[in-house]
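Worksheet: one structure, shown below.
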Amino acid sequence: MKQRYPAFIKMLMLACISLIATLEAAAQEVKTPFFRGVKTEIIIGKPSKTEGGDFDDQLQVLKPRVKFTNMDNLQNYAGHKASLIVIGESTVDRKVFKVLLRHDFGVELPLRQILDEKAPDVKTQYDTTGAKFGFKYDGWILVVKDAQGQLVLAKSSSPSLEKMPTQLDGLKQDGFYTRQLKAVENPGLYRR
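Mapped onto the numbering used here, the consecutive letters of the sequence shown carry residue numbers 1122 to 1313.
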């Protein structure tokens, strides 16, 4: 026996199929920018200070972390690359800073998920009195690029550095720079 569906049931089924297809297409088309869809936290912790070699030398130990939280219900963020850069200010020439750490890592954030990335510890030694030397922790920079290499986020503890987002990615581990992000070849400032 052949079953016959009333016309309204056929229409209801077609409407449901159409709605499902529309929702799937809308989910794929949603393009919430990374900086809006992801909550970003940089945790450095209070730099610990202990005595170094001489009585007035200081040693700072930093334990940096980056925490990304995907706040979007429809958008995945896949294939992104991030760089956390920790900088130290020279105790001899405050116009010069050094990249104490550059930690590059991948970012894969499914819907409503969290990524907690722990970077290697940073140690820096300095003296601000008498025979000045070294670099004291000064802040951090975070750069995130999408899978196509386009900059999607630039954050820093120093707002003036955020105004130069394209230059931030060029900072190298152990490199010396001015506040205008110009490389300093031989600063002659670093004893240890």
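For glycine and all other residues, C-beta sits at the position ideal for the given N, C-alpha and C.
> Mapping DSSP to helix, strand and coil, what is Arg1233?
Replying inline: Taking the sequence shown and counting its residues from 1, the one referred to as residue 1233 is at position 112. DSSP places Arg1233 in coil when its eight states are reduced to three.
>> Assuming Glu1162 is part of the beta strand (DSSP E), what are its boundary residues?
In response: Sequence index remark: in the sequence shown, residue 1162 carries index 41 (1-based). Glu1162 -> beta strand (DSSP E) spans 1159 to 1164.
> Given that a residue counts as buried once 16 or more other Cβ atoms are within 10 Å of its Cβ, and exposed if not, what is Gln1181?
Replying inline: Walking along the sequence shown from the start, residue 1181 turns up at place 60. By the neighbour-count rule (16 or more Cβ atoms within 10 Å), Gln1181 is buried.
> Who are the Cβ neighbours of Thr1102 in its own chain at under 6 Å, not counting the five residues just before and after it?
Replying inline: Residue 1102 lies beyond the stretch modelled for the chain, which goes from 1122 to 1313, so this question has no answer here.
> Quick one: what's Ile1130 bridged to in DSSP?
Replying inline: Reading the sequence shown from its first residue, position 9 is the one you call residue 1130. Partner(s): none; Ile1130 has no beta bridge.
> Thinking just about the alpha-carbon of each residue, which of Phe1297, Ser1281, Leu1133 is nearest to the one in Arg1223?
Replying inline: For the purposes of this step, residue 1223 is taken as the residue at position 102 of the sequence shown. Ranking Phe1297, Ser1281, Leu1133 by Cα distance to Arg1223 puts Phe1297 first.
> For Leu1292, which residues from the same chain have a beta carbon less than 6 Å from its beta carbon, with the 5 sequence-adjacent residues on both sides left out?
Replying inline: Along the sequence shown, one-based indexing puts residue 1292 at 171. Closer than 6 Å at the Cβ level, and outside the excluded window around Leu1292, lie Ile1206, Val1220.
>> For Glu1238, tell me which candidate among Lys1184, Gln1288, Lys1284 has the shortest Cα-Cα distance.
In response: Taking the sequence shown and counting its residues from 1, the one referred to as residue 1238 is at position 117. The shortest C-alpha separation from Glu1238 is found at Lys1184.
> Cα separation between Asn1194 and Val1273?
Replying inline: Taking the sequence shown and counting its residues from 1, one reaches residue 1194 at position 73. Taking the sequence shown and counting its residues from 1, one reaches residue 1273 at position 152. The alpha-carbon atoms of Asn1194 and Val1273 are separated by roughly 19 Å.
> From Lys1167, Pro1280, Phe1218, pick the residue whose C-alpha is nearest to that of Glu1306; which is it?
Replying inline: One-based indexing of the sequence shown puts residue 1306 at position 185. Here the closest residue by C-alpha is Phe1218.
>> Quick check on Leu1282: does DSSP put it in helix, strand or coil?
In response: Sequence index remark: in the sequence shown, residue 1282 carries index 161 (1-based). Three-state result, Leu1282: helix.
>> By DSSP's criteria, Leu1221 is part of a beta bridge. Which residues make up the other side?
In response: As a working note, residue 1221 is residue 100 in the sequence shown. In DSSP, Leu1221 forms no bridge with anything.
> Going by DSSP, what residues sit across from Asp1248 in a beta bridge?
Replying inline: Numbered from its first residue, the sequence shown carries residue 1248 at position 127. BP columns for Asp1248 point to Phe1254.
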